[in-house]
Amino acid sequence: MDNRTHKETDTRLIAMIGLMAALVFVGSKIEIRFPTILGVSRFHLGNGLCLLSGYLLGAVSGGLAAGFGSFLFDVVFWGGSPAGWIVTFATKFLMGFVGGLCFRKHMFRKFGLVPELILCGILGEAAYIAGYLAKEFVTYRFIMGSPMSAVSLMMVEKLASSAVNAVIAIVVSIVLYTVLKPVLAKSGLLYDRK
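Read left to right, the sequence shown gives residues 3 to 196 (the numbering used here).
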């Protein structure tokens, strides 16, 4: 039985949210850029850490870590508008929240740990990609007034690069979870699922 008080548990959870947000921030900077038809896309480790946040901390706490880390990355490195930062927070929160909720609710436990992490990762990534593509569509079609043919081409390219990034994120999250779980459990920092 855990002898920690509620205050100690809350303090540790807040510290873990901050730590995971910092890792998401740094992981988002570890990237590979490549040219596409529409400019430059990038693959980065941040999304894998967003999923890992959900697995380790649960839906809400993991979503907060994913959202804050990505939000701060956009503020520091991308610039843009506060509206864009809020959308980033929301879409990355969704990724951590959905992946963490699926994992904590044991939706796919019967398949074993790795298949469960894969399936929860797919759901978390699907939630993020849907939000991200909706934001891109609204931005380019309605705010910038781009023609539908150009927007359609852009959406296909963004979906393709997002799908590849999702695969990388799922692999990264599985590797890190399987490595970190025993260490965090031994140190008393693992908020294990019930």
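Backbone N, C-alpha and C define an ideal beta-carbon position, used for all residues, glycine too.
Within-7 Å CB hit, residue i to chain D
{"i": "Ala129", "result": "You won't find chain D in this structure, because it holds only one protein chain."}
Residue i, DSSP secondary structure in three states
{"i": "Ser43", "result": "strand"}
{"i": "Phe36", "result": "strand"}
{"i": "Leu192", "result": "coil"}
{"i": "Gly64", "result": "helix"}
{"i": "Phe110", "result": "coil"}
Integer Cβ distance of residue i from residue j, believed to fall under 8 Å
{"i": "Asn215", "j": "Phe45", "result": "Outside the shown range of the chain (3 to 196) lies residue 215, about which nothing can therefore be said."}
{"i": "Gly206", "j": "Tyr193", "result": "This structure cannot settle anything about residue 206, because the visible part of the chain is limited to 3 through 196."}
{"i": "Lys31", "j": "Phe73", "result": "Incorrect: roughly 14 Å between the Cβ atoms, too far for contact."}
{"i": "Ile1", "j": "Leu66", "result": "Nothing about residue 1 can be reported from this structure: the residues present for the chain run from 3 to 196 only."}
Span separating the alpha-carbon of residue i from that of residue j
{"i": "Tyr68", "j": "Gly101", "result": "In the sequence on display, residue 68 carries Ala and not Tyr. Cα to Cα, the separation comes out at about 11 Å."}
{"i": "Leu161", "j": "Gly190", "result": "39 Å"}
{"i": "Leu25", "j": "Leu51", "result": "7 Å"}
{"i": "Phe99", "j": "Leu155", "result": "30 Å"}
{"i": "Val177", "j": "Gly147", "result": "42 Å"}
{"i": "Thr141", "j": "Met157", "result": "11 Å"}
{"i": "Phe70", "j": "Leu47", "result": "15 Å"}
{"i": "Ile19", "j": "Ser164", "result": "25 Å"}
{"i": "His108", "j": "Thr38", "result": "38 Å"}
{"i": "Met3", "j": "Cys122", "result": "Any reading at Met3 is ruled out, since the residue's pLDDT is 40, under 50, leaving its predicted position unreliable."}
{"i": "Met22", "j": "Lys137", "result": "25 Å"}
{"i": "Val77", "j": "Trp87", "result": "7 Å"}
{"i": "Ile145", "j": "Ala85", "result": "13 Å"}
{"i": "Tyr57", "j": "Arg106", "result": "7 Å"}
_If contact is defined by three or more beta carbon pairs under 8 Å, each pair taking one atom from either stretch, is the segment 86–97 in contact with the segment 131–148?_
Verdict: yes, contact present.
*Would you say the segment 119–129 touches the segment 12–21, given that touching needs at least three Cβ pairs under 8 Å?*
Using a Cβ-Cβ distance cut-off of 8 Å, the segment 119–129 and the segment 12–21 are not in contact, since fewer than three pairs of beta carbons, one from each stretch, lie closer than that value.
*Entirely within the segment 130–176 and at least 3 residues each: give me those beta strand (DSSP E) ranges in chain order.*
none
*asked:* Check whether the segment 149–156 and the segment 109–127 touch, using three or more Cβ-Cβ pairs below 8 Å as the test.
replied: no
_In chain order, each alpha helix (DSSP H) run of at least 4 residues that lies wholly inside the segment 50–98_ = 61–75
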